[in-house]
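Using our numbering, the letters of the sequence shown map in sequence onto residues 432 to 903. Following: one structure in structure tokens, then a few remarks.
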Amino acid sequence: MNRLKLNIKTPLTLLLFSLLVACGGGGGSSDAEVASSSVSSSSSLAAFPLPVSLPTDFPVGTTDTLPTLNITTENSAAVTSRETYINGNYQLTDGATITEGAMEIRGRGNSTWDWPKKPYRLKFTNAAALLGMPSSKHWVLLANYADKTLIRNDIALMWSQQLGMEYTSRAKFVELKVNGSYEGVYQLVEHLRIAKDRVNIPELKVTDTTPDKISGGYMMEVDFRHHIDFCKNITYAAAECAGSVNIARDVDYCVDSTHGMDPVCLDNPEDLHDNAWMAQRDYITNYLRDFETALYSSQFADATNGYAAYIDVDSAVNYYIINELFKNVDGAVASFWMYKKRDGKIFFGPIWDFDLALGNAGYNNVDKTYGWHIRNAPWFTRLFQDPAFAAKVKTRWQTLKAEGKIGLIFEYAQARAVWLNKMQAKNFEKWPIFNWTSWYTRVVMGSYDAEVNEMIRWQRERAVWMDAQFSQ
Numbered sequence: 432m433n434r435l436k437l438n439i440k441t442p443l444t445l446l447l448f449s450l451l452v453a454c455g456g457g458g459g460s461s462d463a464e465v466a467s468s469s470v471s472s473s474s475s476l477a478a479f480p481l482p483v484s485l486p487t488d489f490p491v492g493t494t495d496t497l498p499t500l501n502i503t504t505e506n507s508a509a510v511t512s513r514e515t516y517i518n519g520n521y522q523l524t525d526g527a528t529i530t531e532g533a534m535e536i537r538g539r540g541n542s543t544w545d546w547p548k549k550p551y552r553l554k555f556t557n558a559a560a561l562l563g564m565p566s567s568k569h570w571v572l573l574a575n576y577a578d579k580t581l582i583r584n585d586i587a588l589m590w591s592q593q594l595g596m597e598y599t600s601r602a603k604f605v606e607l608k609v610n611g612s613y614e615g616v617y618q619l620v621e622h623l624r625i626a627k628d629r630v631n632i633p634e635l636k637v638t639d640t641t642p643d644k645i646s647g648g649y650m651m652e653v654d655f656r657h658h659i660d661f662c663k664n665i666t667y668a669a670a671e672c673a674g675s676v677n678i679a680r681d682v683d684y685c686v687d688s689t690h691g692m693d694p695v696c697l698d699n700p701e702d703l704h705d706n707a708w709m710a711q712r713d714y715i716t717n718y719l720r721d722f723e724t725a726l727y728s729s730q731f732a733d734a735t736n737g738y739a740a741y742i743d744v745d746s747a748v749n750y751y752i753i754n755e756l757f758k759n760v761d762g763a764v765a766s767f768w769m770y771k772k773r774d775g776k777i778f779f780g781p782i783w784d785f786d787l788a789l790g791n792a793g794y795n796n797v798d799k800t801y802g803w804h805i806r807n808a809p810w811f812t813r814l815f816q817d818p819a820f821a822a823k824v825k826t827r828w829q830t831l832k833a834e835g836k837i838g839l840i841f842e843y844a845q846a847r848a849v850w851l852n853k854m855q856a857k858n859f860e861k862w863p864i865f866n867w868t869s870w871y872t873r874v875v876m877g878s879y880d881a882e883v884n885e886m887i888r889w890q891r892e893r894a895v896w897m898d899a900q901f902s903q
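So, in structure tokens, the structure goes:
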């Protein structure tokens, strides 16, 4: 395939049409006109070369169909709960290939569960390999309702793979039907969990209390909603709250920060409240507290006695860059996943939840293409006080730029929008929300092409600003 050389003074409509033709896509303007307004700018994309070769799964042309996931619940019951599964069956059709079986389904998400297009959590009776992804019982359906491009999570997952993060959830676009009703375009995504083909670390048993086993593995998430005072400060009735009491903390065992970060809550093991797990609970609590003590000590930059003794620094650098570049509003306060290997350090990642990133959110100053965001979180503020960490971030940025991985973001976003063009039209017939506004989101653009165009413009300007900072 011939790579398209971008010229940002060309209207994006023409860029996308050229990309469609270069990729061998079909003919008329209905496929090409995914974005119609100009993206001209005084800044230049020449600073961001493209990679020597594009990823093997780079989107090509415009797809006429998507795999269809049909879910039928028992007695056609509606899925109304995030906590309680209901029984059902699924059938995934991809051309002539049909995968089917029994399953359970429930709702998922926090604010996303309150929107009309619902996200879901699936648990199959028998593990199945879906659309080329490794076999598992556990899957997630992302609705991407607040993302009117439908592709922000897709872009972030692609780039996480390009960064070489140890694990990135695989995902495929599907059309979803529930009890015969078309629900729109969804992403079928691997659920974050400890498993051979997911986060590949040992899964602790309650009997793993000896020094050679108790050190791992642990999977955990920073989450502001589990802060002990969360329910005292909110102005809406969150599911986590019973009056001013945060009942979520009774479900997930959390370790509170002594330096302003939000709590670190354990996802696996999931029963640390049970005193049978006291040894593991004490171990990970002490490890996290020792990490913070080292991070804020006078020797914090020392390779032996400082923070680097507790966290994998390269993973922290990658996690920082992807969340800062996409200015992920939740990147340091929620869906901030970490895991600890046995006899190893804490790794930052995998990434999750980027539907409000890439210029989509309208609060906490993440609407602006300039300014730091993730760096303002307490841990990262302290990390950047170490010149060696700051130098690592700068060097990593410059390497990614030279390898074409920053330029790839814009190329990929355009190609994915072209690829999804027919399917997005069907989705937004079901969900006509281009003029819908929410305090969560930044702007209303009025059409799919304008949404894609604005996302790429915003992200380009963000990359240019960050590049200027790392060039000083």
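Backbone N, C-alpha and C define an ideal beta-carbon position, used for all residues, glycine too.
Residue j beta carbon less than 7 Å from that of residue i
i, j, result
"Asp683", "Cys696", "yes"
"Pro550", "Arg537", "no"
"Ile887", "Ala844", "yes"
"Asn795", "Val760", "yes"
"Asp385", "Val653", "Residue 385 lies beyond the range of the chain shown here (432 to 903); nothing can be said about it."
"Val630", "Ser600", "no"
"Leu839", "Pro480", "no"
"Ala765", "Phe661", "no"
"Asn557", "Gly532", "yes"
"Asn518", "Glu535", "yes"
"Val616", "Leu581", "yes"
"Lys776", "Ile753", "no"
"Val609", "Leu497", "no"
Best match in the options for proximity to residue i [C-alpha to C-alpha]
i, options, result
"Arg773", "Arg539, Asn501, Lys636 and Val653", "Lys636"
"Ser688", "Asp698, Ala527 and Glu723", "Glu723"
"Ala899", "Ile502, Trp828 and Phe859", "Trp828"
"Arg813", "Val609, Gln522, Ile777 and Gly691", "Gly691"
"Ile625", "Glu606, Ser542, Ser567 and Ala821", "Ser567"
"Tyr576", "Tyr727, Ile529, Ala763 and Asn866", "Asn866"
"Ser484", "Val895, Ser542 and Glu842", "Glu842"
Local conformation of residue i per DSSP, three classes
i, result
"Glu860", "helix"
"Lys823", "helix"
"Arg680", "helix"
"His569", "strand"
"Glu904", "What the structure shows of the chain is the stretch from 432 to 903, and residue 904 is not part of that stretch, so it cannot be assessed."
"Ile582", "coil"
"Ile887", "helix"
"Glu892", "helix"
"Tyr576", "coil"
"Met534", "strand"
"Leu450", "Unreliable positioning characterises Leu450 in this predicted model, as indicated by a pLDDT of 39, which lies under 50. A coordinate reading is not provided."
"Thr543", "helix"
"Asp687", "coil"
"Asn664", "helix"
Residue i to residue j span [Cα, whole Å]
i, j, result
"Lys836", "Lys603", "21 Å"
"Lys579", "Ala673", "33 Å"
"Tyr613", "Leu562", "20 Å"
"Asp705", "Met650", "17 Å"
"Leu623", "Leu572", "12 Å"
"Ala725", "Lys663", "31 Å"
"Phe859", "Ser729", "55 Å"
"Ala763", "Leu607", "31 Å"
"Met564", "Met854", "22 Å"
"Thr901", "Lys832", "What sits at residue 901 in the sequence shown is Phe, not Thr. Taking the straight line joining both Cα atoms gives about 11 Å."
"Thr530", "Thr524", "7 Å"
Ranges of the alpha helix (DSSP H) found wholly within the segment 780 to 857, counting only runs of at least 4: 809 to 814, 818 to 833 and 836 to 850
Sequence ranges, beta strand (DSSP E) only - wholly within the segment 596 to 662, length at least 3: As far as the segment 596 to 662 is concerned, its whole beta strand (DSSP E) runs of at least 3 residues are 602 to 609, 612 to 621 and 649 to 653.
Alpha helix (DSSP H) runs contained entirely in the segment 703 to 784, provided each spans 4 or more residues: 709 to 726 and 744 to 756
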